[in-house]
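Q: Protein chains in written order, with this note's numbering: chain A, -2 to 115; chain B, 67 to 198. Okay, handing you the structure first.
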């Protein structure tokens, strides 16, 4: 009876969650940048362009190195800012990774919004 | 006939003992249960974690922000339940006490509560924010 009374008036449970403020975007997944961290909107490794975030989980508009990006993000390679890479996959608005020259477009499997080489 | 009866009795008694002993060891908060969680999370149910003195906690609405004095920056944001666990890490509460306290107050099954508390403590400990 007492147990029933207690369980009836227990508060709703919300599992504990921890948000990392130090690495507010994500940890880099490539070995070189894995040890580093970056803040929102800033790149951490030499492979990250300004405004980019490293690794697998980059934010929209960010640039990743060797990972998957969300819409509007650019996956990496050795491309400089404003360049499009040669191979790989990209989402709408994004360009994939690989080698490219300045001002060139990609040669991989791009979806709507991306430019393809050849 | 008599021998057969005795043998049957022995088998039945042995079986009952096995079932009782097994359930005693494997029951929640039993020896095997504690051992399993200890191995899984590397945190003992009997440990009494204490907060790193370098860390200051600040309340922001319902959430708790952990600030590092040495790094002069905010490190983590904890939701209310994680903040509650953090507050209980004062070196006097054992992990088992935290699980019981949360289980008594919130609508959660013990196994889920145990997993969550151990995971949170292990996470904070790995970041150097708690000492075990």
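Ideal Cβ placement from N, Cα and C applies to all residues, glycine included.
#1: CB-CB under 7 Å to residue 114(B), same chain, minus the five flanking residues each way: which ones, in chain order?
#2: Which residues of chain A have a Cβ atom closer than 7 Å to the Cβ of residue 171(B), listed in chain order?
#3: Can you list, in chain order, the residues of its chain with a C-beta nearer than 6 Å to that of residue 190(B)? Leave out the 5 residues immediately preceding and following it.
#4: Start and end of the beta strand (DSSP E) containing residue 144(B)?
#5: Can you check whether the C-beta of residue 124(B) is within less than 8 Å of a C-beta belonging to chain A?
#6: Taking C-beta pairs closer than 8 Å, name the residues in chain A that residue 189(B) reaches, listed in chain order.
#7: For residue 13(A), count neighbouring C-beta atoms within 10 Å of its own C-beta (all shown protein chains included) and say buried if the count is 16 or more, exposed if not.
#8: Can you name the start and end residues of the alpha helix (DSSP H) that residue 178(B) belongs to?
#9: Considering only the alpha carbon of each residue, which of 198(B), 134(B), 127(B) and 183(B) lies closest to residue 148(B)?
#10: DSSP three-state call for residue 18(A): helix, strand or coil?
#11: Going by DSSP in three states, residue 109(B) sits in which element: helix, strand or coil?
#12: Would you mind telling me which residues of chain A sit closer than 8 Å to residue 84(B), beta carbon to beta carbon, in chain order?
#13: Return the first residue and the last residue of the alpha helix (DSSP H) that residue 123(B) is part of.
#14: Quick one: measure Cβ to Cβ for residue 16(A) and residue 143(B), integer angstroms, because I've assumed they're closer than 8 Å.
#15: Do you know offhand how far residue 109(B)'s Cα is from residue 78(B)'s?
#16: Go ahead and pull the three-state DSSP assignment for residue 172(B).
#17: Within 8 Å (strictly less), CB to CB, does residue 182(B) reach chain A?
#18: Starting from residue 134(B) and walking both ways along the beta strand (DSSP E), at which residues does that stretch end?
#19: List, in chain order, every chain A residue whose beta-carbon is nearer than 8 Å to that of residue 148(B).
#20: Determine, using beta carbons only, whether residue 161(B) comes closer than 8 Å to chain A.
A: This is what the structure holds:
#1: 157, 158, 159 and 160
#2: 7 and 8
#3: 196
#4: 139 to 144
#5: no
#6: 15
#7: buried
#8: 176 to 192
#9: 183(B)
#10: coil
#11: coil
#12: The premise fails here: residue 84(B) is roughly 30 Å from chain A at the closest Cβ pair, so nothing lies under 8 Å.
#13: Not the alpha helix (DSSP H): residue 123(B) falls in the beta strand (DSSP E), residues 121 to 126.
#14: 4 Å
#15: 39 Å
#16: strand
#17: yes
#18: 129 to 134
#19: 13, 14 and 15
#20: no
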